[in-house]
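Okay, structure first, notes after.
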Amino acid sequence: FYSPPEYSILAKFPCFDYPEYVVNEIKASQYIYVRENSIEYNQPILQPAKANTTLAACFCCGNSPTDLTVRDQISIIYFDDILMDNIRNDTR
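The sequence shown runs 56 to 147 under the working numbering.
See the structure below:
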């Protein structure tokens, strides 16, 4: 079950998922792009949205207690990087 958009904190319980708009934003933001010399990928993360009201801004340090937003976290791994040395094709 998706949690209601007004109560995104319910996603902390095991029987609820994040609100549907958040799940759709995460899925739309994920990608893997293979280039000739690198691999670029995005693993989006969630963060609280900015507060809409002054009261919420005061009590929650400028963050919204109910709304979430998706933030991109893009990484690039070049083929000559040390991380790629551990990947081998030993099937031959």
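Backbone N, C-alpha and C fix where the C-beta goes; we use that ideal spot for every residue, glycine too. Given the structure is predicted, the values throughout are model-derived calculations rather than measurements.
Burial state of residue i (16 or more Cβ within 10 Å)
| i | result |
| --- | --- |
| Gln-73 | The question names Gln, but residue 73 is Tyr in the sequence shown. Buried, since its Cβ has 16 or more Cβ neighbours within 10 Å. |
| Val-89 | exposed |
Presumed contact (8 Å Cβ cut-off) between residue i and residue j, rounded CB distance
| i | j | result |
| --- | --- | --- |
| Glu-95 | Ile-129 | 7 Å |
| Asp-135 | Ser-84 | Contact doesn't hold; Cβ gap of about 28 Å is too wide. |
| Tyr-86 | Asn-79 | About 15 Å; that fails the 8 Å criterion. |
CB contact below 8 Å: residue i versus chain E
| i | result |
| --- | --- |
| Ala-104 | Given the protein chain composition of this structure (a single chain), no chain E is represented. |
Which ranges would you report for the alpha helix (DSSP H) in the stretch 72 to 108 if only whole runs of at least 4 residues count?
Counting only runs of 4 or more, we get 75 to 84.
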